[in-house]
Amino acid sequence: MLKGLFTALITPFNHDGSIDLGAYKALVELQMEQGVDGLVPVGTTGESPTLSSSEKDLLIKTAVELSAGKIPVIAGAGSNSTKSAIEATIKARDLGAQMTLQVVPYYNKPSEEGMYRHFTSIADQTELPMVLYNVPGRSSVNMPVGLILRLATHPMIVAVKEASGNMSQILELLRNRPSDFSILSGDDALTLPMIAGGGQGVISVASNMFPKKMAELTHLLLDGNISDARSIHQFLYPFFVNQFIETNPVPIKTYMAAHG
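In terms of our numbering, the sequence shown opens at residue 3 and continues consecutively.
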């Protein structure tokens with residue numbers, strides 16, 4: 003069962019547009035040193051929609067090699083094309099990723115049944131554990147609670163990254179989730195209320211910059227120490243807000259560049 007802090011890794015670039023592999027390796031190593039529980043390369047924060055297939059492969063392969071099986075790698079493999087998502091998932095599996103992150107198909111505006119068939123087709127044809135990603139602000143379609151719970155019965159669908167921002171929906175999901183299905187916050191600012199409400203962790207943008215603080219926050223919450231966790235949450239909250247003053251990942255990358 004997934005539990006803890008998982009960093010949605012940024013993708014560093016050189017001025018010529020090529021991937022800065024040295025900076026990426028340093029970032030992965032820092033995350034591991036500071037106590038994160040998993041790595042999420044080539045997700046939205048990693049700019050997956052604008053990366054080439056070879057660039058995605060390089061980032062996943064590097065994360066897998068550096069993590070060396072100590073923490074899981076959850077590779078972004080989602081697409082609005084079911085066929086493309088299946089191909090990307092098979093590639094991620096072959097590169098050694100332990101799981102994939104699968105976003106709701108964007109632009110297409112699929113129906114509830116369409117989303118169900120999309121995700122189960124990927125799960126059935128790849129046999130690699132999957133984390134669903136509900137982010138209606140990006141995909142324009144929300145996954146209702148009933149659909150997520152229906153998908154949670156599939157043995158290869160093990161968690162959801164919930165970034166709808168709808169706490170009523172999230173609390174309903176937490177109340178009815180199967181005991182072996184993880185609900186992960188997809189919004190740093192909601193990490194405290196989500197875990198306090200019964201969630202299992204967070205896929206974090208802020209932990210690119212503050213891995214130790216985010217690990218402390220997450221682990222305190224999971225241990226039930228709300229008081230100490232609240233202090234860290236209040237300290238980090240201005241950053242949580244400011245990292246979305248422009249489209250993600252522009253603010254987090256700007257902040258990291260300014261701080262070396």
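Don't be surprised by glycine CBs; every beta carbon is placed ideally from N, CA and C.
Of the candidates 160, 232, 118, the residue whose Cα lies closest to the Cα of residue 146 is 118. In this chain, the beta strand (DSSP E) harbouring residue 135 covers 132 to 136. Within the stretch 18 to 92, the runs of alpha helix (DSSP H) that reach at least 4 residues and sit entirely inside it are, in chain order, 23 to 35, 55 to 69.
Judged by their CB atoms, residue 62 and residue 103 are not nearer to each other than the 7 Å cut-off.
Only buried fits residue 107, as 16 or more other CB atoms lie within 10 angstroms of its CB. Shown here, residue 169 sits in a helix according to DSSP, grouped into three states. Under DSSP, the beta-bridge partners assigned to residue 101 are 76. Taking 7 Å as the cut-off, the beta carbon of residue 87 is found no closer than this to the beta carbon of residue 98. For residue 163, the uninterrupted beta strand (DSSP E) run begins and ends at 159 to 164, by DSSP. Contact between residue 41 and residue 73 holds: their C-beta atoms lie close to 7 Å from each other, under 8 Å. In the structure shown, residue 148 adopts helical secondary structure according to DSSP, grouped into three states. Put simply, the stretch 247 to 257 does not touch the stretch 64 to 72. Fewer than three CB pairs are less than 8 Å apart.
In this structure, residue 159 lies away from residue 175, with their beta-carbon atoms at least 7 Å apart.
For residue 27 and residue 213, the gap between their C-alpha atoms comes out near 15 Å. The C-alpha of residue 203 lies about 28 Å from the C-alpha of residue 23.
Within its own chain, the residues whose Cβ lies closer than 8 Å to the Cβ of residue 192, once the five positions on either side in sequence are excluded, are 167, 169, 172, listed in chain order. With distances taken between CA atoms, residue 210 lies nearest to 29 out of 132, 29, 229. Taking C-alpha positions only, residue 84 is separated from residue 67 by approximately 28 Å. Residue 125: member of the alpha helix (DSSP H) spanning 114 to 128, first to last residue. The C-alpha of residue 235 is placed about 10 Å away from the C-alpha of residue 228. In the displayed model, residue 155 falls within coil according to three-state DSSP, outside both helix and strand. Rounded to the nearest whole angstrom, the CA to CA distance from residue 261 to residue 122 is 42 Å.
In this structure, the alpha-carbon of residue 165 lies about 31 Å from that of residue 17. Cβ-Cβ distances below 8 Å link residue 137 to 46, 105, 106, 163, 165, 166, 188 in the same chain, with the five nearest sequence neighbours on each side left out; the list follows chain order.
In the DSSP assignment, residue 246 falls outside any alpha helix (DSSP H) and carries neither an H nor an E. For residue 10, there is no enclosing alpha helix (DSSP H); the residue is found in the beta strand (DSSP E) stretching over 6 to 10.
Nearest neighbour of residue 126 by Cα position, chosen from 190, 237, 92, turns out to be 92.
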